[in-house]
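Residue numbers (our numbering): 301 to 378.
Using N, Cα and C, we set each Cβ at its ideal position, and we do this for glycine too.
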């Protein structure tokens with residue numbers, strides 16, 4: 301998954317999609333970060349860190365879909 305919103309994370313967590321010992325702790329920590337004001341949390345590993353920071357890898361957790369780095373909040377063509 302490239303990008304997940306907080307609402308999607310909550311739904312997937314409730315459905316058991318992120319078990320402890322897997323992505324669960326990473327998703328939970330990322331959700332807390334974004335809920336407390338962080339714009340984007342990135343989940344990746346050290347081997348892909350550079351690519352993830354450049355927007356080319358990892359999973360991003362955002363409050364709303366438009367919060368992705370480089371995304372415009374205005375409609376196309378505005």
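Going by DSSP, residue 311 is part of the alpha helix (DSSP H) stretching over 306 to 314.
Residue 332: member of the alpha helix (DSSP H) spanning 324 to 335, first to last residue. Pairing residue 358 with residue 352, the inter-Cα distance amounts to about 5 Å. The Cβ atoms of residue 311 and residue 340 do not sit closer than 9 Å to each other.
Taken atom to atom, the span from the alpha-carbon of residue 344 to that of residue 314 is near 22 Å. Following the DSSP letters along the chain, one finds residue 353 inside the alpha helix (DSSP H) bounded by residues 349 to 353. Our two residues, residue 337 and residue 347, have alpha carbons roughly 27 Å apart in a direct line.
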